[in-house]
Every structure is written in C-alpha cells, then in structure tokens.
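Here's the structure, in structure tokens; my notes come after.
Numbering (the numbering used here), first residue to last: -11 to 427.
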C-alpha cells in the first residue's frame, strides 16, 4: 500500500496505530470475536499462547485465564500461517486469533472480545477515503441490517462454536436434568401424540440436550399464563417457545435468548371472498393481536373470539372475512375445524419469532448457556425439523378431498352410482329369471 501497488486493505482488525501512514474508514465493515484455540491435551497451568500484532487489545483474556486457573505468555508472530505452523509443531500450547473461519475444525476453548474490522487507506489518498466513507454511508442508509445478514449467512447459519466457561460447566454438572414448558396443540411445533409431546420443538430440545450432555424433560402446557406461572414457581427451568418481544418479556419477568424459529403470519379467508376484509377475526388478549392486528385494523373491523379455532369457523361461516395465523399451522387448523372452504394468501403480512425464555430470578448461567446453544444450532437442522413434522402429520380427509377436487369427486360418485345401478339391474334380472324357472 505504501508503494502504491494496492489501494485498500480490507478486514484490518485491532489497534490501527501499528499501521503508520494509514487511515481507517469511519464505518465498521464487520465485527468478529476473538477465539482462544488450544490443543486437545487441554489447559495447562502455564500456557504459551501465539498471537498477532493486529490482535490487540484483548482485555478479557486475563480474566479468562484467572477464572480457568492458568498463567500465559504471549508469543507474537508475523502472520497467521507462521503462528498456525508453530501450533501444529507443538511449539506453543494455543493461539489467539479472530474467528473468521467458522468451518475449520479446531479446539476452541474460549470466545471473547469482538474486534472491529475496517478498511485501511493510505493517509495521503484523502479523496479515496472520502469516497469510501460516503459509499458506506449510502449503503448503510439503504441496507441498515446488511452486517447482521452477512453475519448470519457466513457464521451463525452453520452454527456458532459452543464454548462454556467454568461457571457454566459447573452449572450443568449440578443440573443434569432440566424441565422445559412448551405450548400444547401448536402443530407442527408441539402437540400430543400417543401420550407424548412431539413436534419440531421436542426435536430441537433433544439436540440441545445432546449438545449440553443433560436430560431435558418436555412438558406441554395450555397457555403462556400457565407456563409463566409455573416457571416463576420453579416447576420449569425455561420456556421453549417464548415470544421474541422484550416488552412482553419484561412484563413477565423473563430473559430472552436469541430467536431460533421465525413465524410468518399469513391471511386466511374464504375461497369465494374478494376485496379488502371488512371484519378480521382475532383472538383476544394475545400478544400478536395487540401488536400486529389492532394497529392495522380499527375497532369496527375487528371481531374478537376466544380461540384461533373459533376464528377459523367465524371466517368460514361469514362472520369475519380474514384471520391471521402462522403459515405452517394453517393446514392443521383447517383440518381440526373442517373449514375446507378457506384459502391461504401467498403474502406474509407480518412476522415474529420464538426464543427461549428464562425467569430473571433464576441462575443467570442458564440464560448464558442456552443463548450460546441457540447460536450453536445451525439453521438447516431447525428448518429440517419443522419440515419433517409439517409433512408427516397431514391426514387425509374426505371433506378436504371434496373441496379441493370437486371434478374428481363428481366422476367418482357417478362411477359408483353406475356400479350400484348395474348391480341392482343385474339382481332384478336374476330375480325375474328365477321366477320364470319356478313358474
């Protein structure tokens, strides 16, 4: 860069003062945590740790070493490959580096101190620096969440490494069995079948139990009020399907983890209905009604009911024109209520997410553990669990067939009528022949 051979140095972390005659951009292009990688032999009382000049500062490293009970000496290397070669030759016991490559297998002992990455430009090239800053300003105005989207795509999508500190490991050693509440009758996420709670949520909780090496007992409850009451009484350790809403969580004295299931709400209406809905059926005293439905529709356009099934029946018989429900649950409510004259819109009207909820009075280590575990789960596994339960529990119904295949139904009825009529005519013919023989 000093010789003018290159214009920019992207992804430069750490203390930029070590790069003389270089200026960094105003905006951060990414933030990555630092990782402490050690050998499979584990932690030793005295550790030789490799590091790079761009890794500084790492203010949390001393507290990690004190908490885990080891001393360390930092050995500086010129680049990552030199440091990795020294680690492979066992010249050092571990190394510190930015967690950029999440796919490469290594023994990550701790994750800490997110580093900000920017672009470096030669200090003399003020016009180029100004152009970069303006371009990044414009990009962040148009796409304010681009860094989060890229982080999910390249890091969290395949699962973040699971690293637990000493307090968290001790908590799991003392609590080998955890009890979790899930809402019942929420296909395909949770439902009763043969006396057991099944669905996507129990599958995800089984993976969490395996990752944490604990037993998780899943208990189905009827509503959020009951689950939160039992949680505060200590009968449950956490809720599996808490709503991703911090105001709601604060009212119920809950801490929320990262969201891990997204619910896309769609409009369900009668197949013969056209135009804008004049009445929207909504379940009273629910969060999604207060947060999404009421702000969009005035009082005179809202029909309040007690359950989502009542809402489906109200739309089916004409009392209301539309109801909003998560897309994955539509088919099950239609089957349960026999409202096969309803159809689903292709547009998502609004979305919300599910998190794990923990009572604020419980041990905070549990919240940290579950938050790390949610980040550790890969999205593909979660999507596959939902798809498996969604496709395996749709039952055939004659009424559903009549609504969705009327032509085939008519042809089938005509053929059956011909067969029955032929049988009757044949029996009458035989009867007359028998009578003639007798006479």
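The C-beta atom is built at its ideal place from N, Cα and C for all residues, glycine as well.
Using CA atoms only, rank isn't needed, just tell me which of the options is closest to residue i.
i: residue 221; options: 269, 55, 347, 286; result: 347
i: residue 168; options: 411, 372, 227; result: 227
i: residue 116; options: 86, -3, 170; result: -3
i: residue 251; options: 231, 236, 412, 261; result: 231
i: residue 306; options: 107, 126, 113, 259; result: 259
i: residue 156; options: 409, 357, 201, 214; result: 357
i: residue 14; options: 65, 56, 28, 128; result: 128
i: residue 65; options: 58, 59, 73; result: 73
i: residue 505; options: 276, 342, 340; result: With the chain covering only -11 through 427, there is no way to say anything about residue 505.
i: residue 297; options: 317, 101, 288, 122; result: 317
i: residue 45; options: 67, 8, 84; result: 84
i: residue 161; options: 16, 366, 202, 112; result: 202
i: residue 301; options: 287, 286, 265, 324; result: 324
i: residue 97; options: 112, 37, 344, 142; result: 37
i: residue 78; options: 404, 35, 47; result: 35
i: residue 243; options: 378, 254, 225; result: 225
i: residue 33; options: 245, 10, 112, 82; result: 82
i: residue 192; options: 264, 376, 68; result: 376
If we ignore side chains and look at the alpha-carbon of each, how far apart do residue i and residue j end up?
i: residue 350; j: residue 158; result: 15 Å
i: residue 103; j: residue 21; result: 6 Å
i: residue 195; j: residue 369; result: 9 Å
i: residue 322; j: residue 283; result: 26 Å
i: residue 180; j: residue 174; result: 9 Å
i: residue 335; j: residue 137; result: 22 Å
i: residue 256; j: residue 320; result: 13 Å
i: residue 154; j: residue 164; result: 16 Å
i: residue 308; j: residue 269; result: 6 Å
i: residue 70; j: residue 50; result: 24 Å
i: residue 29; j: residue 147; result: 24 Å
i: residue 329; j: residue 279; result: 28 Å
i: residue 326; j: residue 304; result: 9 Å
i: residue 273; j: residue 262; result: 29 Å
i: residue 341; j: residue 233; result: 8 Å
i: residue 295; j: residue 271; result: 6 Å
i: residue 26; j: residue 42; result: 20 Å
i: residue 215; j: residue 170; result: 8 Å
i: residue 92; j: residue -10; result: 33 Å
i: residue 381; j: residue 61; result: Reliability of the predicted coordinates at residue 381 is poor, the pLDDT of 46 falling under 50, and the value obtained from them is presented with this limitation in mind. In a straight line, the C-alpha of residue 381 is about 58 Å away from that of residue 61.
i: residue 239; j: residue 313; result: 24 Å
i: residue 424; j: residue 409; result: 23 Å
i: residue 363; j: residue 149; result: 8 Å
i: residue 89; j: residue 197; result: 26 Å
i: residue 141; j: residue 131; result: 15 Å
i: residue 267; j: residue 19; result: 47 Å
i: residue 100; j: residue -6; result: 32 Å
i: residue 333; j: residue 402; result: 33 Å
i: residue 212; j: residue 374; result: 21 Å
i: residue 345; j: residue 87; result: 28 Å
i: residue 186; j: residue 288; result: 39 Å
i: residue 210; j: residue 172; result: 6 Å
i: residue 135; j: residue 16; result: 9 Å
i: residue 120; j: residue 11; result: 12 Å
i: residue 398; j: residue 412; result: 21 Å
Give the range of the alpha helix (DSSP H) segment to which residue i is assigned.
i: residue 302; result: 296 to 304
i: residue 395; result: 394 to 426
i: residue 190; result: 188 to 200
i: residue 237; result: 234 to 239
i: residue 8; result: Segment: none, residue 8 is in no alpha helix (DSSP H) and carries neither H nor E.
I'd like the span of the beta strand (DSSP E) that includes residue i, first residue to last.
i: residue 428; result: Past the edges of the chain, shown from -11 to 427, lies residue 428, and the structure says nothing about it.
i: residue 290; result: 290 to 293
i: residue 346; result: 330 to 347
i: residue 324; result: Here residue 324 belongs to no beta strand (DSSP E); instead the alpha helix (DSSP H) covers 318 to 325.
i: residue 134; result: Element bounds for residue 134: not the beta strand (DSSP E) but the alpha helix (DSSP H), 134 to 142.
i: residue 244; result: 242 to 244
i: residue 39; result: 34 to 39
i: residue 271; result: 268 to 271
Would you list the residues sitting across from residue i in a DSSP beta bridge?
i: residue 174; result: 178
i: residue 208; result: 170
i: residue 254; result: 313, 336
i: residue 124; result: None, per the DSSP bridge assignment.
i: residue -4; result: 109
i: residue 203; result: 165
i: residue 226; result: 168
i: residue 231; result: 342
i: residue 185; result: 180
Q: Report the residue ranges of all beta strand (DSSP E) runs contained in full by the stretch 50 to 117; include only those spanning at least 3 residues, in chain order.
A: 59 to 64, 82 to 86, 96 to 110
**Q.** Every unbroken alpha helix (DSSP H) within the stretch 347 to 377, with a cutoff of 4 residues, ordered by chain
**A.** 352 to 364
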